[in-house]
Amino acid sequence: MNFELSEEQKMIQQSVERFVQENYDLPTRVKLSGDGVGFSKEYWNSMAELGWLGLPFSEDDGGFGGNQIDVIVIMEQFGRGLVLEPYLSSVVMAGGAIKRGGSDKLKQEFLSSLIEGSKQLSFGYAELQSRFDLDDVATTAKKEGDTYVINGQKSMVLNAESADAIVVSVRTDGAQVDKNGISLFLVDADSKGVEMESFPTVDGLRASEISFENVEVDSSRLIGPINEGFGILQEATNDAILALCAEAVGAMEVLYKDTVEYTQQREQFDHPLSDFQVLQHRMVDMFMEYEQSKSMLLRATLETVQDPIAAQKTIHGLKYLVGKSGIFVGENAVQLHGGMGVTEELRVGHYFKRLIVIDSILGNTDFHLHKFTNFD
Amino acid sequence: MDIDLSAEDLEFKQEVRDFFEENQMKPGEDYFSWRLEWFKKAREKGNWDVPKWPEKFGGPGWTPTQHYIWEQETAKATIPFDLPFGLGMLAPILMSYGTEEQRERFLPDIRDRKVNWCQGYSEPGAGSDLANLKTKAVLSEDGTHYVVNGSKIWTTLAHMADWIFCLTRTDDSGIKQQGITFLLFPMKQEGIEVKPIITLGGSHTVNTVHFTDVKVPVENRVGEEGKGWTYAKGLLEHERTGLAGLSRSLVALEKLKDNAQSITRGNGTLMDDSGYKSKIAELEIDLMATEYTELRSLASASAGEELGPESSILKLKGTEIQQRIQKLTVEASGVFASAWGDKPVGPHFSKGGMAGYLNSRYYTIYGGASEVQKDVIAKNVLGLTRSKTK
Numbered sequence: 005m006n007f008e009l010s011e012e013q014k015m016i017q018q019s020v021e022r023f024v025q026e027n028y029d030l031p032t033r034v035k036l037s038g039d040g041v042g043f044s045k046e047y048w049n050s051m052a053e054l055g056w057l058g059l060p061f062s063e064d065d066g067g068f069g070g071n072q073i074d075v076i077v078i079m080e081q082f083g084r085g086l087v088l089e090p091y092l093s094s095v096v097m098a099g100g101a102i103k104r105g106g107s108d109k110l111k112q113e114f115l116s117s118l119i120e121g122s123k124q125l126s127f128g129y130a131e132l133q134s135r136f137d138l139d140d141v142a143t144t145a146k147k148e149g150d151t152y153v154i155n156g157q158k159s160m161v162l163n164a165e166s167a168d169a170i171v172v173s174v175r176t177d178g179a180q181v182d183k184n185g186i187s188l189f190l191v192d193a194d195s196k197g198v199e200m201e202s203f204p205t206v207d208g209l210r211a212s213e214i215s216f217e218n219v220e221v222d223s224s225r226l227i228g229p230i231n232e233g234f235g236i237l238q239e240a241t242n243d244a245i246l247a248l249c250a251e252a253v254g255a256m257e258v259l260y261k262d263t264v265e266y267t268q269q270r271e272q273f274d275h276p277l278s279d280f281q282v283l284q285h286r287m288v289d290m291f292m293e294y295e296q297s298k299s300m301l302l303r304a305t306l307e308t309v310q311d312p313i314a315a316q317k318t319i320h321g322l323k324y325l326v327g328k329s330g331i332f333v334g335e336n337a338v339q340l341h342g343g344m345g346v347t348e349e350l351r352v353g354h355y356f357k358r359l360i361v362i363d364s365i366l367g368n369t370d371f372h373l374h375k376f377t378n379f380d
Numbered sequence: 266m267d268i269d270l271s272a273e274d275l276e277f278k279q280e281v282r283d284f285f286e287e288n289q290m291k292p293g294e295d296y297f298s299w300r301l302e303w304f305k306k307a308r309e310k311g312n313w314d315v316p317k318w319p320e321k322f323g324g325p326g327w328t329p330t331q332h333y334i335w336e337q338e339t340a341k342a343t344i345p346f347d348l349p350f351g352l353g354m355l356a357p358i359l360m361s362y363g364t365e366e367q368r369e370r371f372l373p374d375i376r377d378r379k380v381n382w383c384q385g386y387s388e389p390g391a392g393s394d395l396a397n398l399k400t401k402a403v404l405s406e407d408g409t410h411y412v413v414n415g416s417k418i419w420t421t422l423a424h425m426a427d428w429i430f431c432l433t434r435t436d437d438s439g440i441k442q443q444g445i446t447f448l449l450f451p452m453k454q455e456g457i458e459v460k461p462i463i464t465l466g467g468s469h470t471v472n473t474v475h476f477t478d479v480k481v482p483v484e485n486r487v488g489e490e491g492k493g494w495t496y497a498k499g500l501l502e503h504e505r506t507g508l509a510g511l512s513r514s515l516v517a518l519e520k521l522k523d524n525a526q527s528i529t530r531g532n533g534t535l536m537d538d539s540g541y542k543s544k545i546a547e548l549e550i551d552l553m554a555t556e557y558t559e560l561r562s563l564a565s566a567s568a569g570e571e572l573g574p575e576s577s578i579l580k581l582k583g584t585e586i587q588q589r590i591q592k593l594t595v596e597a598s599g600v601f602a603s604a605w606g607d608k609p610v611g612p613h614f615s616k617g618g619m620a621g622y623l624n625s626r627y628y629t630i631y632g633g634a635s636e637v638q639k640d641v642i643a644k645n646v647l648g649l650t651r652s653k654t655k
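Read top to bottom, the protein sequences are chains A and B. All residue numbers for the first sequence refer to this note's numbering, where the first residue is 5 and numbers rise by one. All residue numbers for the second sequence refer to this note's numbering, where the first residue is 266 and numbers rise by one.
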């Protein structure tokens, strides 16, 4: 048992930190966010060159053989800069599904181009009615000869408009809400019958509503066994939860530190705000929420690396805690910045918005507390 | 970074389990003789009687992982009670600031659980503002002894203690942190009066202690005269880490679940009540996170970094968790929560539960109230100092 990052991981951490410092000040982020696909293709290519996109893939798949620890190291630094590039949807989620269940041919075709930055992927798992239940899947795929025909819709698909292909969870058997009978397919974004409505999200990222009307996919695009895609879906989304929570921890760190700095500068009633004990204690609470979130993130990540099935309950606990802590730290950072906190001008509001969104992705605080509470 | 236990660690874990198993108290055995025998065997096993002592002073020299395993296993097993005062509070001070002679004189008896110590810190006028203490120690003209006069309050188990380590004032000309002197003296002597304080749960744990012309030889002074505050601050840090009690909370949480399970509600139990079990879940998650905060703190301590801010977080979070467990026990008692007579009424845990809850209120007060802990974190970690009024 040890809590030290390896030398390689420390190097990655430093290089991501430097990248964020040099490339992600607030005006740059705002500009990138409002431009086209909502991120920088140039940055994406740099990330490929630096090897970050290949980190969590095995050497056989063309990657560097890293695991969830490497991903949280990167994502924590991304969280400090509110990085826009689609690492989560492309590498962690879609890549995570393909590496677990894709055929050799599928891996060869998509993982290598994902790792070198030439292809970008996304993952559609939510639907209008599903809320946070991954096993509530109304979108269907029916087998017709060598192809499957998909009908239905997927909601809030992150960075879908720039993706070349999208992993989609579909129902191939069973009732609408059922862990059995779910299959995963990799669908080309330009397939006939795929319609996309893309829009910004409140945190400056982009998502899409996607409808599928008689979309034909070849059976070779199946990820994992037919009807048994749920396990892969859950493992990939668990990795995504770890990644999101790492991002949240990075964002919380920026928020509590910015707040400490701001209250030391801002004077009211002839004192710096930081003189007031009621504010000091609030900042201590923010600091503690950050530390506790970081502890739980480490716990969930290390347990996942050891045994992903056994770690499930801890992952529910993590997403609950980070959702709650993130919003606490965000709301209080805004509160302690006073009027300036509610402007677009300061960065705290942007971090706050990202933390709200993180709580709403892949199950919010209530959802995961319920799962944790009823876990057997 | 990983949490896999190495082959050696797994072996250690099994050894610890075997040791606990082999040395259980036998039916009919006298508790106190079993206790002493247990520590003797733990010592023979490899200095397991003083897990937290440094190797240099006879400790086992465990890795952080071994400490973690020990914590986890002690939580599950029944092992004899230990008090923190001598073992965990005074001993580290003597190791850091005591003379060779003092160490030889006091450490062996602490280790053998022969001498019970109590802590003479708080005073009627010095609670959270501990440095404001007034108990006077005046050096005799011939320089051979101090004469101590004054009062201490909230002195835990003073009525059962053989010795006290005591903060006294030898000089009040400077700022209040200066002029404090750290003295050791026996409790059973003329001039010391111990009076019980009964706390909300109806129990006698704490006391007031009055000193009238108590003579203390100079060789019982730890470190330099007037420097006691520096030593005390180090001690407070030890106290704070010890007070988190996470392994005890793990056991208490399991017991709480069992208790709630024994209360029927409709066709199920209280553990089927969604509101109640959500509170248990929130508590459990906080405990899981705090365990890792402790592990992180252990890891940085073993990397040679100073015991840092984590220790303050641990006291705050750990004591809060203890209180929440007590509170949920009272909730589980339902209508029987208030029964206070000698005869048991309602669920078996209800009276003990209420007493435990009431007593637990002092967890966030002793060892530096939570608000003081927050002041400490604000200053030492966040770098927030309060400036003078303009």
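Beta carbons are placed, not taken as given, at the ideal position from N, Cα and C, and that holds for glycine.
Reduced DSSP category for residue i - H, G, I as helix; E, B as strand; rest coil
i	result
K655/B	Residue placement at K655/B is flagged as unreliable, the pLDDT there being 43, under the threshold of 50; a coordinate-derived value is accordingly withheld.
N532/B	coil
L359/B	helix
A252/A	helix
Q454/B	coil
G353/A	helix
H372/A	helix
V281/B	helix
K401/B	strand
Q1/A	Within the shown structure, residues of chain A are numbered from 5 to 380, placing residue 1/A beyond reach of any answer.
Q587/B	helix
P373/B	helix
L125/A	strand
H332/B	helix
L162/A	strand
Minimum C-alpha distance to residue i - residue among the options
i	options	result
W48/A	N27/A, F61/A, E63/A	N27/A
V600/B	I590/B, F614/B, Q588/B	F614/B
I290/A	A337/A, V95/A, G66/A	Going by the sequence as given, residue 290/A is Met instead of Ile. The shortest C-alpha separation from M290/A is found at A337/A.
A98/A	L57/A, A179/A, K146/A, R270/A	L57/A
F379/A	I550/B, A602/B, W318/B	I550/B
E556/B	T584/B, R530/B, D537/B	T584/B
Bridge partner(s) assigned by DSSP for residue i
i	result
F430/B	Q384/B, L449/B
P482/B	H410/B
G415/B	F476/B
K147/A	Y152/A
M200/A	I214/A
E232/A	I186/A
E220/A	V153/A
H469/B	I463/B
Within chain B, the residues that residue i reaches when beta carbons sit closer than 7 angstroms
i	result
D279/A	R651, S652
Proximal chain A residues relative to residue i, where beta-carbon distance stays under 7 angstroms
i	result
E458/B	Those within 7 angstroms of E458/B in chain A number zero; the least Cβ separation is about 38 angstroms.
M266/B	N6, F7, E8, L9, I73, L306
A546/B	L373, F376, T377
K278/B	Under the 7 angstroms cutoff, chain A gives no residues; its nearest Cβ is about 11 angstroms from K278/B.
K542/B	T377
Beta-carbon neighbours of residue i, restricted to chain A and to distances below 8 angstroms
i	result
K522/B	Result: empty, since nearest Cβ-Cβ is about 12 angstroms, beyond 8 angstroms.
D269/B	M5, Q310
Per-residue contacts from residue i into chain B (C-beta, under 8 angstroms)
i	result
T318/A	M553
M287/A	A643, L647, L649
Amino acids of chain A, ordered along the chain, whose beta-carbon sits closer than 9 angstroms to that of residue i
i	result
L560/B	M5, F7, S299, L302, R303
T330/B	M5, N6
beta-carbon residue i near the ligand MG non-hydrogen atom, thresh 6 angstroms
i	result
L649/B	No copy of the ligand MG appears in this structure; indeed no ligand is present at all.
Neighbouring residues, chain D, relative to residue i (Cβ below 8 angstroms)
i	result
Y557/B	Of the chains in the structure shown, none is chain D; the protein chains are A and B.
> When the Cβ atoms of the stretch 326–345 of chain A are set against those of the stretch 355–375 of chain A, are three or more pairs found closer than 8 angstroms?
Replying inline: yes
>> With three or more C-beta pairs closer than 8 angstroms as the rule, is the stretch 296–310 of chain A touching the stretch 634–653 of chain B?
In response: no
> For the stretch 448–458 of chain B against the stretch 422–439 of chain B, are there 3 or more C-beta pairs whose distance is under 8 angstroms?
Replying inline: yes
> Counting pairs of Cβ atoms below 8 angstroms between the stretch 383–395 of chain B and the stretch 629–638 of chain B, do you hit three or more?
Replying inline: yes
> Counting pairs of beta carbons, one from the stretch 168–187 of chain A and one from the stretch 120–129 of chain A, are three or more of them closer than 8 angstroms?
Replying inline: yes
> Between the stretch 512–531 of chain B and the stretch 293–304 of chain B, do at least 3 Cβ pairs fall closer than 8 angstroms?
Replying inline: no
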